[in-house]
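S.K.: Position 225, counted from 1, in the sequence shown is what this note's numbering calls 221; the numbers after and before it change by one each time, with no gaps.
A virtual CB, placed ideally from N, CA and C, is assigned to each residue, including glycine.
The model shown is predicted, which means the values in this text are computed figures rather than measured ones.
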Amino acid sequence: MEIFEEIEPLRAFLKGKREALKSIGLVPTMGALHDGHLALIRASKAENEVTVSSIYINPTQFNNQADLDKYPRTREADIKLLEAEGCDVLFAPQNAEMYSENQSLTFDFGTLDKVLEGKFRPGHFSGVALVVSKLFNIVQPDMAYFGQKDYQQFQVINRLKEELKFSIQLRSVPIIREKSGLALSSRNQRLSEQDKGNALFLYETLIEAKAQLLNGASFSKVRSEAEARVKKYEGVKLEYFELANKNTLQELGDTRNFKNGILLIAAFVNEVRLIDNMLLEVE
Ligand code: PAF
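1. Between the C-alpha atoms of Gln208 and Glu97, what's the straight-line distance to the nearest angstrom?
2. Beta-carbon separation of Val152 and Asp84 under 8 Å?
3. Phe237 to Gly123, Cα distance in whole Å?
4. Any contact between the region 32 to 47 and the region 124 to 135? By contact I mean 3 or more CB pairs, one from each, below 8 Å.
5. Looking at Val48 and the ligand PAF, is the gap between the Cβ and the nearest heavy atom below 7 Å?
6. Would you say the beta carbon of Gln90 is closer than 7 Å to some non-hydrogen atom of the ligand PAF?
7. If you follow the alpha helix (DSSP H) that Ala224 is part of, which residue opens it and which one closes it?
8. Count the other CB atoms, across all protein chains shown, that sit within 10 Å of the CB of Glu267; report buried if there are 16 or more and exposed otherwise.
9. Contact check, Ile(-1) vs Ala88 under 8 Å by CB: the rounded distance?
10. For Gln165, which of Leu180, Pro137, Ser182, Gln148 has the nearest alpha-carbon?
11. Less than 7 Å separating the Cβ of Gln149 from some heavy atom of the ligand PAF?
12. Please go through the same chain and pick out, in chain order, the residues whose beta-carbon is closer than 6 Å to the beta-carbon of Tyr67, but skip the five residues on each side of it.
13. With DSSP collapsed to three states, give me the class of Phe142.
14. Please identify the residue among Met(-3), Val111, Met94, Glu2 whose C-alpha is closest to the C-alpha of Asn241.
15. Just list the residues that DSSP pairs Thr47 with in beta bridges.
16. Let's test the definition: count the other Cβ atoms within 10 Å of the Cβ of Lys228 and tell me whether it reaches 16, buried, or not, exposed.
17. Is Phe132 helix, strand or coil by DSSP?
18. Which residue's Cα is closest to the Cα of Leu22: Arg225, Ser168, Gly177, Ala224?
19. Taking 7 Å as the cut-off, is the C-beta of Phe116 nearer than that to any heavy atom in the ligand PAF?
20. Could you say which of Arg155, Arg252, Ser181, Val232 lies nearest to Gln190 if we only look at CA atoms?
21. Which runs of the beta strand (DSSP E) at least 3 residues long sit entirely within the region 41 to 128? Give them in chain order.
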């Protein structure tokens, strides 16, 4: 695997690949890689001749300094995993390579980034859009791969692509879960075994809610029950649990029309903030 920390040598390398008509897939990550990321690498390898992964903990998308400081950093293990998966290129820049000292650009996605994650993490999606634009511009991939776990992020990046006319096909890869149902996340590394048991609240709530909604219960009732059940999970604090339109992410309230419905949930397990989601997939 070729490793680049600087933009220009990476550009020169990829120019050669493009001239040889090789298609390029990009898998942007913040490291602390797990099987969910490796599924993105596999998806890219299946569709492209060259797979570029990036590892960059992007400071502008963290609205909480402690969260940024505690984000797991496992560079050597990540490199081994990428090599074992056959990733061709790793781009792992430092902050100075990605941002100027007086960086002040921001993005506003209207109603799309004011709800759910955007409501609880102001500025988060502006930072995501900024770094993803930079990565798209540097790598100029044919395709880019993102995990469905960050569902709202994918919708924001899709809007970014449309607005900035990036000629890149975006792929959303399904959530990979532990056997227990817990969605894989780099943040899981910060959970004790006991925390992991309590973190099942998120998945269990989604499963239970989907069954109840399809059985005729209203979302208000389903949400009240979730708010009551959370008390049984030690150290878990529910931040939001919503039924939304899967394209606009606006709340659906007590609708019975679930065709475009998605359930989205966020909760703290002690200090660790986790998210998960589940499409209702009703025809
Ligand atoms: O999903 C992530 O890991 C990050 O938000 C991303 C897309 C790599 C941008 O920093």
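M.R.: Straight from the coordinates:
1. For the purposes of this step, residue 208 is taken as the residue at position 212 of the sequence shown. For the purposes of this step, residue 97 is taken as the residue at position 101 of the sequence shown. The alpha-carbon atoms of Gln208 and Glu97 are separated by roughly 51 Å.
2. In the sequence shown, residue 152 corresponds to position 156, counting from 1. In the sequence shown, residue 84 corresponds to position 88, counting from 1. No.
3. Looking up residue 237 in the sequence shown gives position 241. Looking up residue 123 in the sequence shown gives position 127. Taken atom to atom, the span from the alpha-carbon of Phe237 to that of Gly123 is near 24 Å.
4. Using a C-beta cut-off of 8 Å, the region 32 to 47 makes no contact with the region 124 to 135, since fewer than three inter-stretch Cβ pairs fall below that distance.
5. Working through the sequence shown from its first residue, we reach residue 48 at position 52. No.
6. Translated into positions along the sequence shown, residue 90 becomes position 94. Flag unset: Cβ of Gln90 not near the ligand PAF.
7. As a position in the sequence shown, residue 224 is number 228, starting the count at 1. In the DSSP annotation of this structure, the continuous segment of the alpha helix (DSSP H) that includes Ala224 starts and ends at 215 to 225.
8. For this step, residue 267 is matched to residue 271 along the sequence shown. Around the beta-carbon of Glu267, fewer than 16 other beta-carbon atoms lie within 10 Å, marking it exposed.
9. Within the sequence shown, residue -1 is the residue found at index 3, counting from 1. Within the sequence shown, residue 88 is the residue found at index 92, counting from 1. Right, their Cβ atoms sit about 7 Å apart.
10. Stepping through the sequence shown from its first residue, residue 165 is reached at position 169. Comparing Cα-Cα distances from Gln165 to each of Leu180, Pro137, Ser182, Gln148, the minimum goes to Pro137.
11. For the purposes of this step, residue 149 is taken as the residue at position 153 of the sequence shown. Yes, since a heavy atom of the ligand PAF falls inside the 7 Å radius drawn around the Cβ of Gln149.
12. Within the sequence shown, the letter at position 71 stands for residue 67. Within the same chain, Ile53 come within 6 Å of Tyr67 by CB-CB distance, once the 5 residues on both sides are set aside.
13. Translated into positions along the sequence shown, residue 142 becomes position 146. Reduced to three states, the DSSP call for Phe142 is strand.
14. In the sequence shown, residue 241 corresponds to position 245, counting from 1. Checking every option, the nearest Cα to that of Asn241 belongs to Val111.
15. Residue mapping note: residue 47 aligns to position 51 of the sequence shown, counting from 1. Paired residue(s): Gly21.
16. Mapped onto the sequence shown, residue 228 falls at position 232. With fewer than 16 other Cβ atoms within 10 Å, it is exposed.
17. Reading the sequence shown from its first residue, position 136 is the one you call residue 132. DSSP places Phe132 within a helical segment (H, G or I) once states are collapsed to three.
18. Locating residue 22 in the sequence shown gives position 26, counting from the first residue. Considering only alpha carbons, the answer is Ser168.
19. Within the sequence shown, the letter at position 120 stands for residue 116. Shortest gap from the CB of Phe116 to any heavy atom of the ligand PAF: 7 Å or more.
20. By one-based count along the sequence shown, residue 190 stands at place 194. Nearest C-alpha to Gln190 among Arg155, Arg252, Ser181, Val232: Val232.
21. Segments of the beta strand (DSSP E) lying fully in the region 41 to 128: 46 to 51, 85 to 87.
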